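So the structure is just underneath, and the comments pick up after that.
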Amino acid sequence: MALRQQSKKGTRQKPKRAPRDYSAEVTSADIGALGWARWIWRQLTSMRTALILLLLMAVASVPGSLYPQRTADPNGVTQFFQANPQLAQTLDRFQLFDVYSSAWFSAIYILLFISLVGCVLPRIGVHWGELTAPAPLMPRNMSRMPAYAKFTVATPAAQKTAVDRATAQLKRERYRLVREANGVRAEKGYLRETGNLLFHASLLGVLLAVGIGGAFSYSGQRVLVEGETFVNNLADFDSFTPGLFFNADRLTPMSLSLTNFSTTYDLNNPSNRGIPIDFRAQVVSRVGAEGLPKSSVIRVNEPLELPGSKVYLTGNGYAPVVTIFDGKGNVAFDGPVVFLPQDSNMTSLGVIKVPDASPSQFGIQAFFYPTAAKLKSGALTSAFPAAGDPLLTMFVYKGNLGLDSGLNSNVFQLNVHAMKQVAGGKSGNKAIELAPGQSAKLPDGLGRVYFTGIKRYASLDITYNPGELYVLAFAILAMVGLVMMLFTKRRRVWVKIVEGGIEVAALSKHKDSNLDRMLEHFIKSAKIKNVTAKPAKKATK
Amino acid sequence: MTSVVLNPELDAISRLIVLGAMTLYSIAFVMFSVSLARAANAGKDKTQIARAALFERIALIITVVSVVAHGAGVLTRGIAAARVPWANMYEFSVTGSFVVMSIYLLSLIFRPIKYLAAFVTGFVVLILGSATTLFYVEVRSLMPALQNYWLLIHVTVAILATAFFMIGAALAFIYLMREWEWFNKTKSPLVVSARKVLAIMPKSDKLERQSYQFNIIGLILWTFTLIAGAIWADKAWHRFWGWDTKEVWTFIIWCIYMGYGHATVTRGWDGKRAAWLSMIGFVAILFNFTIVNLYFKGLHVYSGL
Ligand code: HEM
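If you read the sequences in order, they're chains Z and B.
Using the working numbering, read the first sequence as starting at 1 and increasing by one per residue.
Using the working numbering, read the second sequence as starting at 542 and increasing by one per residue.
Right under this line is the structure:
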């Protein structure tokens, strides 16, 4: 892009080819369909268009940070819909909750993509030609070059010496050069255009790798309680997001058990008390049917890398183990219950549904306090996130759980509308409070509940994205290209024998404020001023 | 990591040192401004010019002393927290402004931009002022998501990029003033005196060039920040890119400065429009660091407030 249209100051430095003037083509009378196509193409691939598209993309990205996005923050979207249903619908019509996959955002980056291709492809050919061509011809009128000097060198022998020295110096400075009878012409800094092309091509690479990688990727979530085993198939995930071309056959055959989850909280520093210092999920993984079990630790920032997937630790919490005998003395519920943490001291909320109990179905809304404490108001709270003095409290609701109608299908919610509260609140019975190992009778002859122990659980993310490494490689290449482009100067230097002296001139293909200084320096280090007849061999090495 | 030892007493000392540095910067800022005003009004008066230069020299010495103190403040905060001192907004501001000052002083060796000193010290006083009053938090240990060597790389480079963009934007600002027709014509006395100050600064093309050089280095560093952030996000947030609010704004800023880069070589866009983009880019950086950190929801919530 950089060379297509030169800046005001740049044009002066490019005397041979005047900058293209598109306006002539725009107004020309009858250009026909092909003409139009060509015009549109040229507009699209012009630098100004790319620039405007870039700025447009910046502006178009803004709303995605103002409104919650379905991909990054689905809960936020749900809440937004609940808080402002009308506004939410309007915004949704303009895809403002899916900004980065919206039609208008896509339109911008697709145009940018086309512009990039249209810009890069032809220039690769041109650049290849330049790379293999000899240095550009000597300008007829050297004094019209942006940097120019002339000095007297009397004899032809001295003139030849001067050109010899200039040639040697140019070689030292790694110019590509052509020695001619009347002087030398040279050019260097091809890396600038190479870097420029590398940068732009790599950006295309990033885009493609993101797109293709995303299509074959998947990401799934699973909550695993200590002692549980996850098997990598679709049914065993709690939630799963496949890419466009995802194929379930590609799930690595593997299993993963959580043997232990532990946390370290800071106990020493007053300002820091209760802040988590470390989370460790001890797991045993087994890849393939005959794979040997392998134990590893997953930590935040340290995912477990398995062939074809990575397993991340994304959350954790308590899973109190509860056993419930129903009114008839049968075991109606037995196992760990995943509780959701509500605050930084891990006050947690959980729901237990007991559909198979007789004589009646019932449900329990429970709070778990790892280190129970009483507020001034008398309400319970947790004073520390570790399980120092655990307490489980329960509100019990009797009646139809509504599981058949799908009403209560969310495991973390108990829809109590059609139910009757029998413990806690205004039911007349106190809420049940249990420490580990304790049990209590349920009211209304519902049975008995035992708080048998506490387990921890880990929320895991299992993801796969084959594009990742390519994205990284292209991003690094783009940066390398950017550095090459921005720190190289494409310069031409000519030294020419004229009547009674020599002329030296330089030209840069872009803005180059140091050109004069460079030429001055060149003249000095090549020692071509005041050359006398005797050739100075030393200077040419 | 199994345990940490924080040192709140040392942190209190660190805070005092930072406040001290801020006071010194304020004095330097006033002296730089006075020096500019004097030089602007000196005309050909040799003693006036000499006096302005003396003021500038003293202010520069104060600044150097202040930067050393500032560095000590950063260091003691790091020791008090037993880790790198840039994991929340307070620390990012204090360390960041230290880097801005250092980059500026180092640039003075290579580029004659002493005339920016009043801008830079004034800006740093503003940052330190908000850091010590609005953003201050006690020393805390690193949450597990931040316990990674990428904290060192990612944030250091972000700070460096910000420093370069800041200087680039200051130069662009002076350039725009110089090119502003109304400003060059109006007879309002305030503007006339401001014009005098401007008259002792370099000509437009030099400003434009210097601004370009700082912005371009900033752009490369920013590109690196973005890539480093993505690499880290792949470990800490289980995907390399997810349009989190901070990611979005980093991307927006990248687009703006890419636009700037293109503008400088596009006829009709180089000069004033490019300078505007440089200013807009820097405003976006400040926005990203303040508003996005404090008011936007996202994963990248490390302000500590
Ligand atoms: C693609 C992903 C990421 C991008 C684009 C990004 C971008 C940035 C930027 C621009 C800054 C400069 C200061 C600011 O504006 O706040 C910054 C600072 C910071 N980043 Fe990131 N980042 C990314 C991922 C991460 C990750 C994964 C972590 C840690 C788990 C992280 C932790 C930090 C911290 C601690 C700071 C300094 C404190 C602060 O700004 O409040 N970043 N990041």
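Each residue gets a CB set at the ideal place from its N, CA and C atoms; glycine is no exception.
Values in this document were obtained by computation on a predicted structure and should not be read as measured data.
Where the beta strand (DSSP E) containing residue i begins and where it ends
i         : result
B:Tyr-566 : Taken as a continuous stretch (DSSP letters only), B:Tyr-566 belongs to no beta strand (DSSP E), being part of the alpha helix (DSSP H) at 549 to 583.
Z:Pro-74  : That residue, Z:Pro-74, is in no beta strand (DSSP E); its alpha helix (DSSP H) goes 74 to 83.
Z:Pro-156 : Segment 156 to 172 is the alpha helix (DSSP H) holding Z:Pro-156; no beta strand (DSSP E) there.
Z:Asn-429 : Where Z:Asn-429 is concerned, there is no enclosing beta strand (DSSP E), given that its DSSP letter is neither H nor E.
Z:Glu-180 : 176 to 180
Z:Asp-326 : 309 to 326
Z:Asp-278 : 276 to 287
Z:Leu-224 : 218 to 225
Amino acids of chain B, ordered along the chain, whose beta-carbon sits closer than 7 Å to that of residue i
i         : result
Z:Ser-491 : Strictly speaking, residue 491 of chain Z in this sequence is Arg, with Ser absent from that position. The premise fails here: Z:Arg-491 is roughly 16 Å from chain B at the closest Cβ pair, so nothing lies under 7 Å.
Z:Val-471 : Phe-781
Z:Val-300 : Pro-685, Ala-686 and Ala-777
Spatial distance of residue i from residue j (CA atoms)
i         : j         : result
B:Glu-722 : B:Arg-736 : 12 Å
B:Ile-554 : B:Ala-621 : 10 Å
Z:Trp-36  : Z:Leu-198 : 30 Å
B:Trp-773 : B:Leu-683 : 15 Å
Z:Gln-5   : Z:Met-47  : Model confidence at Z:Gln-5 stands at a pLDDT of 37, short of 50, so the residue's coordinates are unreliable; what they give is reported in the following sentence. Each residue's alpha carbon lies about 7 Å from the other.
Z:Cys-119 : Z:Leu-207 : 16 Å
Z:Phe-81  : Z:Gln-89  : 8 Å
Z:Ala-24  : Z:Arg-123 : Below a pLDDT of 50, predicted positions are generally treated as unreliable, and Z:Ala-24, at 39, falls in that range; the measurement from the model is reported next regardless. Their Cα atoms are separated by approximately 23 Å.
Z:Val-26  : Z:Gln-43  : Caution applies to Z:Val-26, whose pLDDT of 42 falls short of 50 and renders its modelled position unreliable; the value that the coordinates give is listed next. Taking the straight line from one Cα to the other gives about 10 Å.
Z:Ala-147 : Z:Gly-189 : 17 Å
Z:Ala-2   : Z:Pro-385 : In this predicted model, Z:Ala-2 has a pLDDT of only 37, less than 50, meaning its place in the structure is not dependable enough to derive any value.
Z:Tyr-22  : B:Arg-808 : Bear in mind that a pLDDT of 40 at Z:Tyr-22, under 50, signals an unreliable position, so the number given afterwards is only what the model happens to contain. Cα to Cα, the separation comes out at about 13 Å.
B:Val-732 : B:Val-738 : 10 Å
B:Leu-835 : B:Ser-844 : 7 Å
B:Lys-747 : B:Ala-816 : 13 Å
B:Met-742 : B:Ile-599 : 20 Å
Z:Ser-296 : B:Gly-614 : 41 Å
Z:Arg-250 : B:Ala-769 : 30 Å
Z:Ala-158 : Z:Ile-528 : 9 Å
Z:Ser-508 : B:Tyr-677 : 51 Å
B:Phe-714 : B:Leu-818 : 11 Å
Z:Asp-461 : B:Phe-706 : 37 Å
Z:Thr-49  : B:Val-608 : 44 Å
B:Asn-582 : B:Ile-650 : 27 Å
Z:Ser-28  : Z:Trp-39  : Note that Z:Ser-28 scores 44 on pLDDT, short of 50, meaning its location in the model is unreliable; the coordinates nonetheless yield the value given after this. Computed Cα separation, rounded: 11 Å.
Proximal residues of chain Z, C-beta to C-beta of residue i below 9 Å
i         : result
B:Leu-693 : Correct list: empty, because the minimum Cβ distance to chain Z is about 13 Å.
Distance cut-off 7 Å: residue i Cβ against heavy atoms of ligand 2
i         : result
B:Phe-651 : Ligand 2 is not among the ligands present in this structure, which contains only ligand 1.
Listed by chain order, chain Z residues near residue i by CB distance under 7 Å
i         : result
B:Thr-764 : Met-479 and Leu-482
B:Ala-804 : Leu-51
B:Arg-750 : Ser-513
B:Glu-679 : Ser-271
B:Phe-837 : Ser-65
B:Val-789 : Ser-61, Gly-64 and Ser-65
Range covered by the alpha helix (DSSP H) that runs through residue i
i         : result
B:Met-820 : 813 to 830
Z:Tyr-148 : Run containing Z:Tyr-148: none in the alpha helix (DSSP H); it sits in the beta strand (DSSP E), 147 to 152.
B:Tyr-798 : 786 to 804
Z:Phe-230 : Not the alpha helix (DSSP H): Z:Phe-230 falls in the beta strand (DSSP E), residues 229 to 231.
Z:Asp-35  : Sequence inspection shows Gly at residue 35 of chain Z; the Asp mentioned does not correspond to that position. First-last of the alpha helix (DSSP H) with Z:Gly-35: 32 to 44.
Z:Thr-49  : 47 to 61
Proximal residues of chain Z, C-beta to C-beta of residue i below 8 Å
i         : result
B:Glu-632 : Going along chain Z, no residue has its Cβ under 8 Å from B:Glu-632, so there is no contact; the nearest lies around 14 Å.
Partner residues on chain B for residue i, Cβ-Cβ distance less than 9 Å
i         : result
Z:Tyr-265 : Neighbours of Z:Tyr-265 on chain B: none; closest Cβ ~10 Å, over 9 Å.
Z:Pro-303 : Asp-775, Lys-776 and His-779
Contacts of residue i in chain B (Cβ-Cβ under 8 Å)
i         : result
Z:Gln-69  : Trp-784
Z:Asp-164 : Simply none; closest approach about 35 Å.
Z:Glu-468 : Asp-775 and Phe-781
Every unbroken beta strand (DSSP E) within the region 330 to 364 of chain Z, with a cutoff of 3 residues, ordered by chain: Runs of the beta strand (DSSP E) inside the region 330 to 364 of chain Z: 331 to 336 and 348 to 354.
task: Could you tell me whether the region 352 to 371 of chain Z touches the region 478 to 491 of chain Z, where touching means 3 or more Cβ pairs closer than 8 Å?
output: No: the two stretches stay apart, fewer than three of their Cβ pairs being nearer than 8 Å.
Within the region 619 to 653 of chain B, ranges of the alpha helix (DSSP H) (whole runs, at least 4 residues): Positions of the alpha helix (DSSP H) runs, each at least 4 residues long and wholly inside the region 619 to 653 of chain B, are given as 630 to 651 in order along the chain.
- request: Check whether the region 423 to 443 of chain Z touches the region 305 to 318 of chain Z, counting contact only when three or more Cβ pairs, one atom from each stretch, lie closer than 8 Å.
  value: The region 423 to 443 of chain Z is not in contact with the region 305 to 318 of chain Z.
message: At 4 residues or longer, what runs of the alpha helix (DSSP H) sit wholly inside the region 444 to 469 of chain Z?
response: Complete alpha helix (DSSP H) runs here, min 4: none at all.
task: Quick one: which unbroken beta strand (DSSP E) runs of 3-plus residues sit fully inside the region 707 to 758 of chain B? Chain order, please.
output: Within the region 707 to 758 of chain B, not a single complete beta strand (DSSP E) segment reaches 3 residues in length.
message: Just to confirm the assignment: which complete alpha helix (DSSP H) runs, minimum length 4, are found wholly within the region 661 to 716 of chain B?
response: Segments of the alpha helix (DSSP H) lying fully in the region 661 to 716 of chain B: there are none.
query: Three or more C-beta pairs closer than 8 Å, one from the region 661 to 679 of chain B and one from the region 563 to 574 of chain B: is that the case here?
result: Cβ pair count under 8 Å is three or more, so yes.
- prompt: Any contact of the region 518 to 526 of chain Z with the region 496 to 503 of chain Z, i.e. 3+ C-beta pairs under 8 Å?
  reply: Too few Cβ pairs lie closer than 8 Å, so no.
- prompt: Which runs of the beta strand (DSSP E), 3 residues or longer, sit entirely within the region 458 to 529 of chain Z?
  reply: Entirely contained in the region 458 to 529 of chain Z, the beta strand (DSSP E) runs reaching 3 residues are, in chain order, 491 to 498 and 501 to 508.
- prompt: Any chance the region 227 to 243 of chain Z sits against the region 263 to 272 of chain Z, with 3 or more Cβ pairs inside 8 Å?
  reply: Counting C-beta pairs with one atom in each stretch, the region 227 to 243 of chain Z and the region 263 to 272 of chain Z have fewer than three that are closer than 8 Å, which means they do not touch.
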